[in-house]
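Trainee: Mind having a look at this structure? Questions to follow.
Residue numbers (this note's numbering): 3 to 88.
Pasting the structure below:
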């Protein structure tokens, strides 16, 4: 869960970091005047798209095999039976 959160956070921050790097490369500094509302809105949309794509690509295939369900660990007649898929 933590890995998923960190990946999504990194994907969200990527457009903002790249825009800041572009400002430093072209204008020599990152000042608030360069962060217009239109630029921030565009960056936010790009960040949300990246997050959605990342969620689909990185977490989309993480499911149990079709037709199976998880049986949690339990104790039967004093014997521990670990959790498993059936």
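Just so it is clear, CB atoms sit at the ideal spot from N, CA and C, and this is done for glycine as well.
1. Applying the criterion that 16 or more other CB atoms from any shown protein chain within 10 Å of the CB defines a buried residue, is residue 45 buried or exposed?
2. When the Cα of residue 38 is compared with those of 50, 25 and 30, which residue comes out closest?
3. Decide yes or no for the touch test of the region 47 to 64 against the region 12 to 24: beta carbon pairs closer than 8 Å, at least 3 of them.
4. Apart from the five residues on each side of it in sequence, which residues of its chain come closer than 6 Å, Cβ to Cβ, to residue 22?
5. Under the three-state reduction of DSSP, which class applies to residue 71: helix, strand or coil?
Mentor: Here's the rundown:
1. Position 43 of the chain shown, counted from the first residue, corresponds to residue 45. Classification of residue 45: buried, given that the 10 Å Cβ count is 16 or more.
2. Position 36 of the chain shown, counting from 1, holds the residue named residue 38. When each option's Cα is compared against that of residue 38, the closest is 25.
3. yes
4. Here residue 22 corresponds to residue number 20 of the chain shown, with the count starting at 1. The answer, listed in chain order, is 32.
5. Taking the chain shown and counting its residues from 1, one reaches residue 71 at position 69. Residue 71: coil per DSSP, three-state reduction.
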